[in-house]
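The opening position of the sequence shown corresponds to residue 0 in numbering that gives the first Met the number 0, with each subsequent residue numbered one higher. Just below is one structure, and these are the notes that go with it.
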Amino acid sequence: METAVEKRYTLEEYLKMEYHAKTRHYFYNGKVAPMPYTSDSHGSIVANLIGELHTQFKKTPFRVYPSDRMLYVPECRLNYYPDVMVVKGEPVFHRHTKKMQATLNPYALIEVLSDSTEEDDRIDKWQCYRKISGLQQYF
0 METAVEKRYT
10 LEEYLKMEYH
20 AKTRHYFYNG
30 KVAPMPYTSD
40 SHGSIVANLI
50 GELHTQFKKT
60 PFRVYPSDRM
70 LYVPECRLNY
80 YPDVMVVKGE
90 PVFHRHTKKM
100 QATLNPYALI
110 EVLSDSTEED
120 DRIDKWQCYR
130 KISGLQQYF
């Protein structure tokens with residue numbers, strides 16, 4: 000009986016696929032997985048968080064970004080799209096390609112938990128996010 004082998008991708012293969020993809024994907028340890036669709040309540044929570052944080056940080060050095068901002072953690076070779084990312088000062092980027100870049104310096108990351116992503120958010124992502132030297136908060 001043969002065992003199915005899970006396809007592993009290089010970072011370069013992932014970036015090429017991601018650039019041309021109609022939907023976004025996570026990249027972790029050579030694995031590529033589509034980002035799950037979000038519920039209406041998830042979207043509302045994220046929108047409310049972004050709105051409130053933007054208001055609170057209006058005259059501060061903090062910038063608030065939605066989930067379309069790619070995060071790259073070099074120590075893990077991980078690319079994710081956190082629900083909310085806060086950067087203090089100017090964002091620092093890792094340029095993957097001429098047209099793709101990812102943020103390297105989040106100050107805070109927020110993931111809105113759902114039944115389908117809770118384990119990934121609490122365990123897998125946290126194991127990597129904790130290696131970000133400037134990260135002060137993970138919610």
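A virtual CB, placed ideally from N, CA and C, is assigned to each residue, including glycine.
Residue nearest to L112 in terms of C-alpha spacing, selected from K58, M69, K98 and S38: Cα-wise, what sits closest to L112 is S38.
What do you get for A46, buried or exposed, if any count of 16 or more other CB atoms within 10 angstroms of its CB means buried? It counts as exposed.
For Y79 and Y137, believed in contact at Cβ under 8 angstroms, the rounded distance: Between Y79 and Y137 the Cβ distance is about 12 angstroms, and since that is not below 8 angstroms, they are no contact.
Measuring straight from C-alpha to C-alpha, what distance separates V83 and Y13? 22 angstroms
With a threshold of 7 angstroms on Cβ separation, who are the neighbours of R94 within its own chain once the five nearest residues in sequence on each side are excluded? The residues are Q100.
Could you round the C-beta distance between L52 and V85 to whole angstroms and report it? I think they count as a contact, below 8 angstroms. 7 angstroms
Any beta strand (DSSP E) of 3 or more consecutive residues that is wholly inside the stretch 56 to 83: 61 to 64, 70 to 72 and 77 to 79
Looking at C-alpha atoms only, which residue of F56, P81, H41 and Y27 is the closest neighbour of I109? P81
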